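Asks: Residue numbers (UniProt numbering): 1 to 307.
Where a beta carbon is used, it is the ideal one built from N, C-alpha and C, also for glycine.
This structure is a prediction, so every number in the text was calculated from the model and none was measured.
Below you will find the structure I want to go over with you.
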C-alpha cells in the first residue's frame, strides 16, 4: 500500500496557461514538501493540459474534465486527495516558501483546530501590493469562530490548510453557486470546527485581472449563502451577533448593488438590513443608501426609545 501523503493541494484551473506555472512552482518551492499536487483542468481550451504535462510530467497529477465551474473542479480534486492535510490554491495565486511548514506545524501543535488560515498579500497585475488581508482582524482568537465568520465570511482559498476530517465532515463546495462558494464553505466549517490563524502573510493573491466577483449574480449568491448560514446559526451564536451579521451582509451587498446600478435591489436589501435593528455604524450606511423619502420611511420603523 502506497504511503499516505502528509499534505495534498488542489489547484483548479481554466484557461490560465500563462499563470498556472507560478502557482505550481510556488508549491514545489515549499520548505516543507507538499507530497501530492492535484491540478483539475476545468475544460481549458488554451493548451493548459499539454503545457503542464510537458513542464511537470509525473511531479503533478493533472485531471481534465468538461467545464463545470470552480466548485466542481475543487470537488473533483478533493475527492482525489489522499493527504492527512488538504490545501487549496487557485491557479492565479501563489504561496510563500514557508506556508506549508508554518501551517502544518500549527495544526500539529493544536489538535483541536480543524482549519488554519494565514494572512494574504493582495497584489495588482503590475506586481505592486494592494494591501494585506489580516486574518486576525477577522478572527481575533483561535477556536470557535462562527460569530466572527458570520460578520465577515471572506475565506481566500489559497490561505487554507485543513485536516482531512474537516472535508469528510462538511463536504465540498456548493456547485449550485456561481459565486460565494468559498464564503459558504467557510461558514459551514466555522459552524462545526474551531479555526486558527497564523498571523503572517504566507501567500500572494493576484487581483484586478479577472474574476467571478464581476458577475451580476454576485450579490444574489452572497445573500443566499448568508441567509442560509444565519438560519443555521440560530442557537449557536448570541442572537444579536447573528442579526448584526445578517444586517452587515445586507448593507454590504446593497452598497454593491448601488455601484452596479441595481437600485431597486439595493433598496430592498436596505429595508432588510433595517429590519435587523442595525447598530449605529450600519444604520448610517443604510441611510446613505436611500433617498430622503426612503430615509423618513425607515426612521418611522425604528422602535421608540424611552426618554
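#1: Could you compute how far the alpha carbon of residue 212 sits from the alpha carbon of residue 179?
#2: Going straight from the alpha carbon of residue 128 to that of residue 208, what length do you get?
#3: Does the beta-carbon of residue 45 have 16 or more other beta-carbons within 10 angstroms, so that it is buried, or is it exposed?
#4: Provide the residue(s) that pair with residue 94 in DSSP beta bridges, ordered along the chain.
#5: Identify the continuous alpha helix (DSSP H) that holds residue 100 and give its terminal residues.
#6: Could you name the residues that DSSP lists as bridge partners for residue 12?
#7: Using three-state DSSP, classify residue 114 as helix, strand or coil.
#8: Answer yes or no: do residue 31 and residue 101 have a C-beta to C-beta separation smaller than 7 Å?
#9: Let's see if you can read the secondary structure: which residues bound the beta strand (DSSP E) around residue 130?
#10: How far does the alpha helix (DSSP H) with residue 242 in it extend, from its first residue to its last?
#11: Would the segment 175–194 count as touching the segment 147–154 if we require 3 or more Cβ pairs under 8 Å?
#12: From residue 182 to residue 173, what distance separates their C-alpha atoms?
#13: Within its chain, find whatever has a CB closer than 6 Å to the CB of residue 225; leave out the 5 residues flanking it on each side and keep chain order.
Replies: In terms of the structure at hand:
#1: Note that residue 212 scores 46 on pLDDT, short of 50, meaning its location in the model is unreliable and no value can be drawn from it.
#2: Those two C-alpha atoms are separated by around 12 Å.
#3: exposed
#4: 204.
#5: 99–109
#6: 40.
#7: coil
#8: yes
#9: Counting along the chain, the beta strand (DSSP E) containing residue 130 begins and ends at 129–133.
#10: Here the alpha helix (DSSP H) through residue 242 covers 239–260.
#11: yes
#12: 7 Å
#13: 180, 183, 184
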